[in-house]
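Each remark here refers to the structure printed beneath this line.
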Amino acid sequence: MIEKVIHSISEPNRRNILYLLRNNELSSSEIATYFRISAPAISQHLKVLQNSGLVVVRKEGTKRYYRIRREGFKELREYLDSFWDDSLLLLKEAAEAEERRNRDS
Numbered sequence: 001m002i003e004k005v006i007h008s009i010s011e012p013n014r015r016n017i018l019y020l021l022r023n024n025e026l027s028s029s030e031i032a033t034y035f036r037i038s039a040p041a042i043s044q045h046l047k048v049l050q051n052s053g054l055v056v057v058r059k060e061g062t063k064r065y066y067r068i069r070r071e072g073f074k075e076l077r078e079y080l081d082s083f084w085d086d087s088l089l090l091l092k093e094a095a096e097a098e099e100r101r102n103r104d105s
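Residue 1 is where the sequence shown starts when you use the UniProt record's numbering, and the numbers rise one by one after that.
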C-alpha cells in the first residue's frame, strides 16, 4: 500500500488537492476551481487519491464531497519515521563512541 500512497503524492496536482482538503470537505467542482486542468482530470486525480486511501468521498445527491482520510497517512508516516529513527540511532551510537574515547583518553 505504501507504493500507492507514494505514487499518489508524487504528482503536484494531487499534492495540491490534499493541501486544499487538509481542513475542508469540498466537492469535486469546488476543487476544480483552484486548477487550470479539466474537471475530468480532477476526477481522475481524486480517484487515485481515493484508491490509495488518502481521501474519502461522501455522496449527497449528484454531488461528491471529498475529505482527507488522516489514517491513510499513517503508513507513509511510519515509513518516513523509520529513516529518522535510523538517523537517531546512528547519532546515539556516535555520541556513545565519542564518550568512550574521551573517557579512555
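Just so it is clear, CB atoms sit at the ideal spot from N, CA and C, and this is done for glycine as well.
Point to revise | Rounded C-alpha distance that separates Val57 from Tyr65 | key: C-alpha separation (whole angstroms): 5 Å.
**Study point:** Reduced DSSP secondary structure (H/G/I, E/B, other) of Ile31
**Key:** Ile31 falls in the helix class under three-state DSSP.
Exercise for review: Could you have a look at Glu60 and say whether DSSP puts it in helix, strand or coil?
Suggested key: Taken through DSSP and simplified to helix, strand or coil, Glu60 comes out as strand.
Point to revise | Contacts around Ile9, its chain only, beta-carbon distance under 6 Å, and the 5 residues preceding and following it disregarded | key: Closer than 6 Å at the Cβ level, and outside the excluded window around Ile9, lie Arg15.
Practice item. To the nearest angstrom, report how far apart Leu18 and Gly72 are at their CA atoms. Key: So the alpha carbons of these two residues sit roughly 12 Å apart.
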